[in-house]
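Structure, as structure tokens:
Residue numbers (our numbering): 1 to 152.
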């Protein structure tokens, strides 16, 4: 048809953590256009790459067992796109790879000081019981995790 098809790649590094001893270390990275999956990879590597991606706006979805799924908006034009990604363990609000007193304090601050309210991805990570609220129930579950009654 004479048209030149422009495509490029989307790649980056993956940062995640180990969950419970029985969980998989595999991370799934999906490139979506609306509800349509354009590309997907499940890997235990620390990098991902998708080749031959047409220009457009996409959602890059990253998931792993015991972690909170995260989405990134990616705009592809004519240049290679590098999008490094990081996902947190459920309850690991500050993203240091551990659920500990620091995370419990962040939930406590969220509950007691509106100026320290958690939003976005931090809110999702703190919502350990999945009820779309961050409250004393989540704080108790994080405290129990610290004391050996694991979240995952």
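Positions of the beta carbon are idealized from the N, C-alpha and C atoms, including for glycine. The structure presented is a predicted model; accordingly, all values stated were derived computationally and were not measured.
Simplified DSSP assignment, three categories, for residue 86 | For the purposes of this step, residue 86 is taken as residue 86 along the chain shown, with counting starting at 1. Strand.
Does DSSP put residue 14 in a helix, in a strand, or in coil?
-> Start at 1 with the first residue of the chain shown, and residue 14 comes out as number 14. The answer is strand: DSSP assigns residue 14 an E or B state.
Which two residues bound the contiguous alpha helix (DSSP H) that contains residue 120?
-> To locate residue 120, count along the chain shown from 1; it is residue 120. First-last of the alpha helix (DSSP H) with residue 120: 120 to 126.
Compare the C-alpha of residue 25 against each of 14, 34 and 31 and name the closest.
-> Position 25 of the chain shown holds residue 25. Its Cα nearest to that of residue 25, the residue 14 stands out among 14, 34 and 31.
According to the neighbour-count rule (16 or more other Cβ atoms, all chains shown, within 10 Å of its Cβ), is residue 6 buried or exposed?
-> Locating residue 6 in the chain shown gives position 6, where the first residue counts as 1. With fewer than 16 other Cβ atoms within 10 Å, it is exposed.
Spatial distance of residue 148 from residue 20 (CA atoms) | Counted from its first residue, the chain shown places residue 148 at position 148. Counted from its first residue, the chain shown places residue 20 at position 20. The alpha-carbon atoms of residue 148 and residue 20 are separated by roughly 12 Å.
What does a CB cutoff of less than 7 Å around residue 43 pick up in its chain, not counting 5 residues either side in sequence?
-> Stepping through the chain shown from its first residue, residue 43 is reached at position 43. Contacts found: 26 and 27.
Alpha carbon to alpha carbon, how far is residue 121 from residue 66? Give it in angstroms, no decimals.
-> The residue labelled residue 66 in the question sits at position 66 within the chain shown. The residue labelled residue 121 in the question sits at position 121 within the chain shown. The alpha-carbon separation between residue 66 and residue 121 amounts to approximately 15 Å.
Own chain partners of residue 38 with C-beta closer than 6 Å, once the 5 adjacent residues on each side are dropped = Stepping through the chain shown from its first residue, residue 38 is reached at position 38. Excluding residues within five positions, the ones whose Cβ falls inside 6 Å are 31.
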